[in-house]
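Heads up: the structure comes next, in structure tokens.
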Amino acid sequence: MTAALLILFLLGFTYRLPPIARLDGRAFLVLHRPLSRPPWRAAFRALWHLGRTPAAILALLLLAPLMQGDYRGWGFLGLALGLAALVERLVKRTMKRPRPFAALPGVSMQQPRQPRDPSFPSGDALRVWFLAVAYTHYLPAGAPLWYALALLVSLGRIALGVHHPLDVLAGASLGALSALLALYIR
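So, in structure tokens, the structure goes:
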């Protein structure tokens, strides 16, 4: 599983190849057009906050009581999320991929606040998939809910015009991989 997630993360970098970039742009438009219409747009705007850093920190804090005193495991999760965010920041600053609303004609940014950083990889997808894996480990009965929320938040980044599909794929796989490593290395 970890090897597959690593491969998916690395696959995201293929957007640098012109044919893949064109395919990613087309995939974006195929998803963005129907998902950016009402009522989807309103739903994705409402879910927007779940991918943000403050929501991720709060969710990680809320996970602590469920871990039944496993402070070391909780510390590993916090450290892993921090390291994944650092990797995300470094990749963003290195790759400098423009956001879809800045790169594709006719696409507008529709989320509540305009992002100021580059597009690749999606930090919001990273955080929600990290949390989906962590919450599934401690509350497995809720797995369908955790993964459905992660999927909706991730699709929302495309619907709101701020991420390409490969941005979301790379962020989601980095988040899930980081959570898995934190849960099984500890």
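Heads up, the sequence shown is in this note's numbering, so the first residue is 12 and it goes up one at a time. Don't be surprised by glycine CBs; every beta carbon is placed ideally from N, CA and C.
{"Item": "Secondary structure of S165, DSSP reduced to three states", "Value": "helix"}
{"Item": "K107 (DSSP reduced to helix, strand or coil)", "Value": "coil"}
{"Item": "The region 184-192 contacting the region 15-25, beta-carbon criterion three pairs below 8 Å", "Value": "yes"}
{"Item": "Reduced DSSP secondary structure (H/G/I, E/B, other) of H43", "Value": "helix"}
{"Item": "Proximity winner among G167, L192, M120, relative to V179 (alpha-carbon distances)", "Value": "G167"}
{"Item": "Proximity below 8 Å, CB of A193 to CB of F87", "Value": "yes"}
{"Item": "H60 versus L46, S130, L34, R124, residue with shortest Cα-Cα distance", "Value": "R124"}
{"Item": "Whether V173 touches P111 by CB criterion (8 Å)", "Value": "yes"}
{"Item": "Presumed contact (8 Å Cβ cut-off) between R138 and T64, rounded CB distance", "Value": "7 Å"}
{"Item": "K107 classed as buried or exposed, judged by whether at least 16 other C-beta atoms fall within 10 angstroms", "Value": "exposed"}
{"Item": "For R56 and L171, believed in contact at Cβ under 8 Å, the rounded distance", "Value": "7 Å"}
{"Item": "Buried or exposed (CB count within 10 angstroms, at least 16 for buried), Y9", "Value": "Residue 9 cannot be examined here, being either before or after the span of the chain that is shown, 12 to 197."}
{"Item": "CA-to-CA distance, A113 to F131, given in whole angstroms", "Value": "13 Å"}
{"Item": "Nonlocal neighbours in the same chain, by C-beta distance under 7 Å from A32, ignoring five residues either side", "Value": "Y26"}
{"Item": "P30, DSSP secondary structure in three states", "Value": "helix"}
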